[in-house]
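Trainee: Note that the sequence shown covers residues 485 to 768 in my numbering. Take this structure first; my questions come after.
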Amino acid sequence: MKKQHTKTYLFALLPFIVLVGMFEIIPILSIVVQSFTSSGGFDFTLDNYIRIFTKQLYQTAIINSLFIAIASSIIGIIIAFFGARAAFIASDKSRKIFMSILNMVSNFSGVPLAFAYIIMLGNTGILTLIGKEYGIFFLAEFPLYSVLGLMITYVYFQIPLAILLLLPAFNSLKKQWLDAVSLMGGTKTTFWLKVGLPVLMPSILGTFSTLFANAIAAYATAYALVMNNVSLLPIRISEQFVGDVVQNPHLGGALAVVLMALMILSIFINEKIMQKNRSAYDGK
């Protein structure tokens with residue numbers, strides 16, 4: 485009977501397995517193989533990777549992508565922590581309104597987000613003109629079309645995603661824990677440092693990993709805002725496949741493998757930190 489049920493489940497999963505194989509596994513394997521072959525044939529070569537790590541254009545793309553991903557993830561998760569905490573302690577009515585706004589804002593990204601920033605903070609944006617008129621240097625000289633401007637833009641769509649991911653984790657906190665800390669003479673700060681943050685840390689680290697992957701692979705917002713003026717990995721990858729002058733899918737495949745390796749490395753480091761945190765927490 486169990487074998488019959490197993491066969492039924494496997495048969496039901498067959499369409500999903502086929503889709504995963506056709507649209508995920510096979511393309512990834514194809515990109516990896518392509519990255520180790522020369523552009524003029526099918527000979528094994530490491531020239532694509534040597535070019536990536538020796539040419540300044542691609543080195544800058546890696547550095548810029550890492551900086552924007554890490555900085556926007558850290559800033560986003562800090563702001564999201566207080567946002568999720570506020571939603572957690574709010575009344576049911578306020579939480580419903582907050583979640584409705586949050587769901588709407590979380591879908592505002594890509595080209596529309598870049599266009600909104602251009603209207604507000606571009607060279608002739610509304611806030612930029614106000615800054616020039618009233619001598620507000622920060623607004624008048626806002627570096628929107630730069631690495632810093634991109635990072636600030638990324639923070640906008642990182643915050644709603646982080647709040648949505650952190651909110652379920654806050655439900656694991658018990659009000660009785662705060663009461664117990666108070667009875668033992670502790671303050672709210674003591675509760676968050678000794679109880680709240682350790683309990684939430686696995687979720688915080690997991691959320692950071694998701695934000696990092698979300699930022700380092702983002703393409704539409706960056707391309708709509710700065711096009712090729714700022715060197716980023718997703719933009720350099722797209723150039724190799726849809727470039728108007730020269731196309732080099734083999735180099736593009738190598739860049740894509742580097743991007744995937746960075747994402748896998750971030751997940752690996754995050755998992756190690758989480759394991760260490762769990763061990764320390766269990767030891768206490």
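Glycine included, C-beta positions come from ideal geometry on N, C-alpha and C. Computed from a prediction, not measured in an experiment: that's the story for all the values here.
Spatial neighbours of Ala646 within its chain, please: CB distance less than 7 Å, with the 5 preceding and 5 following residues excluded, ordered by chain position.
Mentor: For Ala646, where only same-chain residues beyond five positions count, the Cβ hits under 7 Å are Gly560, Ile561, Ala564, Thr691 and Leu695.
Trainee: May I ask you to report which of helix, strand or coil DSSP gives Thr790?
Mentor: Outside the shown range of the chain, which is 485 to 768, sits residue 790, and nothing can be said about it.
Trainee: For the pair the region 544-558 and the region 708-724, tell me if three or more CB-CB distances fall below 8 Å.
Mentor: Segments in contact, yes.
Trainee: Assign Met668 to one of two classes, buried (16 or more other C-beta atoms within 10 Å of its C-beta) or exposed (fewer than that).
Mentor: Under this definition Met668 is an exposed residue.
Trainee: Following the continuous alpha helix (DSSP H) through Val631, name the residue where it begins and the one where it ends.
Mentor: From DSSP, the alpha helix (DSSP H) with Val631 extends over Val631 to Phe654.
Trainee: Excluding the 5 residues flanking Ser693 on each side, which residues of the same chain have their C-beta closer than 7 Å to its C-beta?
Mentor: Within the same chain, Ser693 has close Cβ partners Ser750, Ile751 and Asn754.
Trainee: Could you check if Ser514 is buried or exposed, using at least 16 other CB atoms within 10 Å of its CB as the buried criterion?
Mentor: Result: exposed.
Trainee: Would you mind reading off the limits of the alpha helix (DSSP H) that contains Gln724?
Mentor: Unbroken alpha helix (DSSP H) run through Gln724: Leu717 to Val726.
Trainee: Measure the C-alpha to C-alpha separation of Ala598 and Leu494 and round it to an integer number of angstroms.
Mentor: Ala598 and Leu494: Cα-Cα distance of roughly 44 Å.
Trainee: Give the single residue among Asn591, Leu605 and Thr671 whose Cα lies nearest to the Cα of Leu632.
Mentor: Closest option to Leu632, Cα to Cα, is Leu605.
Trainee: CB Ser557 to CB Gln642, shorter than 8 Å?
Mentor: Yes.
Trainee: Do Leu550 and Pro644 have their CB atoms nearer than 8 Å?
Mentor: No, the pair does not count as a contact, with Cβ atoms beyond the cut-off.
Trainee: At what residues does the alpha helix (DSSP H) containing Ile581 begin and finish?
Mentor: Looking at the DSSP string, the run of the alpha helix (DSSP H) that includes Ile581 is Asp576 to Ser590.
Trainee: The alpha helix (DSSP H) with Leu657 in it runs from where to where?
Mentor: Taken as a continuous stretch (DSSP letters only), Leu657 belongs to no alpha helix (DSSP H), as it is neither H nor E.
Trainee: Excluding five sequence neighbours on each side, which residues of the same chain lie with their C-beta closer than 7 Å to the C-beta of Ser523?
Mentor: Closer than 7 Å at the Cβ level, and outside the excluded window around Ser523, lie Asn732 and His734.
Trainee: At the level of alpha carbons, what is the spacing between Met747 and Leu739?
Mentor: About 13 Å.
Trainee: What residues in its chain sit with their C-beta under 8 Å from that of Leu497, if we drop five residues either side in the sequence?
Mentor: There are no such residues.
Trainee: Sort Leu650, Gly619 and Leu681 by Cα distance to Leu662 and report the nearest one.
Mentor: That would be Leu681, whose Cα lies nearest to the Cα of Leu662.
Trainee: Give a yes or no on whether the C-beta atoms belonging to Phe528 and Thr538 are separated by under 8 Å.
Mentor: Cβ distance not < 8 Å, so Phe528 and Thr538 don't count as in contact.
Trainee: Buried or exposed: Met485, going by 16 or more other Cβ atoms within 10 Å of its Cβ?
Mentor: Legend: pLDDT at Met485 = 49, less than 50; position of this residue unreliable, no value from coordinates given.
Trainee: On the DSSP letters alone, give me the boundaries of the alpha helix (DSSP H) that Phe537 sits inside.
Mentor: Segment Asp531 to Thr538, the alpha helix (DSSP H) holding Phe537.
Trainee: Does the structure place the region 573-593 close enough to the region 616-626 that three or more beta carbon pairs sit under 8 Å?
Mentor: The answer is no - the region 573-593 does not touch the region 616-626, with fewer than three Cβ pairs under 8 Å.
Trainee: In the DSSP assignment, what residue or residues form a beta bridge with Ile521?
Mentor: Checking the sequence shown, residue 521 turns out to be Thr, not Ile. Phe528.
Trainee: If you draw a straight line from the C-alpha of Lys491 to the C-alpha of Met588, how long is it?
Mentor: Approximately 42 Å between the Cα atoms of the pair.
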